[in-house]
Amino acid sequence: MENRERDENISNDRLEALRYNNLGFEEYKKVNFDDAIAEYTKAIELDPDLSVAYYNRGTVLYRLGQYNLAVVDLEKAVELDPKNIEFLTGLEDCRNFSTR
Numbered sequence: 000m001e002n003r004e005r006d007e008n009i010s011n012d013r014l015e016a017l018r019y020n021n022l023g024f025e026e027y028k029k030v031n032f033d034d035a036i037a038e039y040t041k042a043i044e045l046d047p048d049l050s051v052a053y054y055n056r057g058t059v060l061y062r063l064g065q066y067n068l069a070v071v072d073l074e075k076a077v078e079l080d081p082k083n084i085e086f087l088t089g090l091e092d093c094r095n096f097s098t099r
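Position 77 (the sequence shown) corresponds to 76 in numbering that gives the first Met the number 0; numbering is contiguous.
Structure, rendered in structure tokens:
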């Protein structure tokens, strides 16, 4: 019974994290970058393994010129999902731009 409850909690946290990630994307599309970062951060707090939330937050930080913070988030996204080409490309682009 305990394992089932734990699994349900994990699943609920994942769903809630995905909801916050989606809210973050809606804010990003409206160019409300601070609000987008806040939503992505909530997603990460609920599910620290949600790679897309790190990628999305890193993308916003990149757009804001906060390259060092962006690299940290993009590296975490790649660590969690190392075969994701979009994450790898985003990290490479950020690193290249931040060293100019």
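Glycine is no exception: its CB is placed at the ideal position from the N, C-alpha and C atoms.
Whole-Å CB distance - Gly-57 paired with Ala-76, under 8 Å assumed: 6 Å
Simplified DSSP state of Lys-75, which is helix, strand or coil: helix
Backbone CA spacing between Phe-24 and Ala-52 [nearest angstrom]: 9 Å
Within 7 Å, strictly: CB atoms of Ala-16 and Asp-48: no
Cβ neighbours of Tyr-39 in the same chain (closer than 6 Å, five flanking residues each side left out): Gly-23, Ala-52, Asn-55, Arg-56
Of the listed residues Gly-89, Leu-79, Ser-50, nearest to Tyr-61 (C-alpha basis): Gly-89
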